[in-house]
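Following this line, the structure appears as structure tokens:
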């Protein structure tokens, strides 16, 4: 859909508007509830780019922090295999999640069981 609705020179997030071809600058969609903050704003302000343009360098990591995710069951499962391989070569794995997920159960992984809803709390 991005190729159909996204004007040239506009960020990929703007593709959510079916009104662009008619000259409207307005957008619509549920992206602002999840994708925009997770994959656009947070990576841009912390690392200088959008998530779509980034990759996890698990192969060269010495410390892997898995926060609120479970790569053992998430799609694609390739990341879980990459984490296991990194751990086997000596990388430390820390899992921050209220649930003791399959990733948190990796032998040698450190599980930090935070209370649900507190992972974004400010003190």
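Residue numbers (the numbering used here): 388 to 510. The beta-carbon is built from N, C-alpha and C at its ideal position, and this holds for glycine as well. Every value quoted in this text rests on a predicted model; they were computed, and no experiment measured them.
8 Å Cβ cutoff met for residue i and residue j
{"i": "residue 472", "j": "residue 449", "result": "no"}
{"i": "residue 439", "j": "residue 426", "result": "yes"}
{"i": "residue 493", "j": "residue 480", "result": "yes"}
For residue i, the nearest candidate out of the options (CA to CA)
{"i": "residue 469", "options": "485, 487, 442", "result": "442"}
{"i": "residue 460", "options": "489, 447, 451", "result": "489"}
{"i": "residue 502", "options": "491, 467, 483", "result": "483"}
{"i": "residue 505", "options": "444, 485, 434", "result": "485"}
Continuous alpha helix (DSSP H) stretch holding residue i: start and end
{"i": "residue 432", "result": "429 to 434"}
Terminal residues of the beta strand (DSSP E) in which residue i lies
{"i": "residue 451", "result": "450 to 454"}
Which residues DSSP lists as bridging residue i, in chain order
{"i": "residue 497", "result": "481"}
key: Within the segment 456 to 482, ranges of the alpha helix (DSSP H) (whole runs, at least 4 residues)   = Unbroken alpha helix (DSSP H) runs of no fewer than 4 residues, entirely contained in the segment 456 to 482, are found at 465 to 475, following chain order.
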